[in-house]
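Each number in the numbering used here corresponds to the 1-based position in the sequence shown with 1 added.
Structure record follows, encoded as structure tokens.
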Amino acid sequence: MQSPWSHGMKILDRSDRADVEDARRIFREDLESALSKAIKALEKDDCRALFHGANPSEVLTNIVQGKKYGDIKAKMLKPEGAAQTGRKWWNPLEVRIDISMREGSGYWLNLDEEGRGFLLLHELGHVFHRLFDGSDLKDNDTGDSAEAEENRKINDKLLSDNCIGRQL
């Protein structure tokens, strides 16, 4: 069966809508377990110290719950991005984290709970660059440039060494 996230922009019939609703429910369940993994990692002083200007556990929890600071959504993003974080244009005091529902290595659907927690912490670094006093994680890590590639390696190492002992 084809992933319900691969429907793209086509009009869905009633049977497809049920698939999409099931996928959304499953995403929310996976998101809650990933949040638990990320919050556990943020209990470590070295992990928490990567984020500056606010309590990272509180910020991430509020975003996952769609409350203060923004929200998180499942989307079909371009192939080069597992996730993206940006300010909401209609409310610059909030962010939107979009998680790609593509299939393949490094994407949400192919990550275990630990990998998803790692991805949430990575995106939290971007949140802190946009809303607070920054993060030790590098912000410019998108694209094919040498700088972006180096920043991805730095971010992976920081999170792996200080938070969750793995890389995506």
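The C-beta atom is built at its ideal place from N, Cα and C for all residues, glycine as well.
Residues sharing a beta bridge with F52, DSSP: Locating residue 52 in the sequence shown gives position 51, where the first residue counts as 1. F52 is bridged by DSSP to S136.
Contact set for K159: own chain, Cβ-Cβ below 8 Å, skip 5 residues either direction: What you label residue 159 is simply residue 158 of the sequence shown in a count that begins at 1. Going by the sequence as given, residue 159 is Leu instead of Lys. Closer than 8 Å at the Cβ level, and outside the excluded window around L159, lie L51, D137 and L138.
DSSP three-state assignment for S106, whether helix, strand or coil: Here residue 106 refers to the residue found at position 105 of the sequence shown. In this structure, S106 counts as coil in the three-state DSSP scheme.
Nearest to L78 (by Cα), restricted to the options E95, G105, Y70 and W90: Sequence index remark: in the sequence shown, residue 78 carries index 77 (1-based). Closest by alpha carbon: G105.
Selected residue, minimal CA-CA separation from A83, among R29, L120, N163 and L36: Walking along the sequence shown from the start, residue 83 turns up at place 82. Ranking the options by Cα distance to A83, first place goes to L120.
I1 to R29 span [Cα, whole Å]: The requested residue 1 does not occur in the structure, where the chain is confined to residues 2 to 169.
L94 - containing beta strand (DSSP E), residue span: To locate residue 94, count along the sequence shown from 1; it is residue 93. Looking at the DSSP string, the run of the beta strand (DSSP E) that includes L94 is N92 to S101.
Through-space distance from W90 to K68, alpha-carbon basis: In the sequence shown, counting from the first residue as 1, residue 68 sits at position 67. In the sequence shown, counting from the first residue as 1, residue 90 sits at position 89. In a straight line, the C-alpha of K68 is about 17 Å away from that of W90.
Heavy atom of the ligand ADP within 6 Å of S146 beta-carbon: In terms of ligand content, the structure shown is empty, and the ligand ADP therefore cannot be addressed.
contact_flag[the segment 22-36, the segment 107-117] where n(CB pairs < 8 Å) is 3 or more: yes
Closest Cα partner of K41 within the set I73, T86, T62 and E148: Residue numbering aside, residue 41 sits at position 40 when the sequence shown is read from its first letter. The closest CA to that of K41, considering only I73, T86, T62 and E148, is found on T62.
7 Å Cβ cutoff met for E44 and T86: As a first step, residue 44 is located in the sequence shown; it is residue number 43 there, counting from the start. As a first step, residue 86 is located in the sequence shown; it is residue number 85 there, counting from the start. No.
Cα-Cα separation, N152 to D23: Residue mapping note: residue 152 aligns to position 151 of the sequence shown, counting from 1. Residue mapping note: residue 23 aligns to position 22 of the sequence shown, counting from 1. Rounded to the nearest angstrom, the two C-alpha atoms are 36 Å apart.
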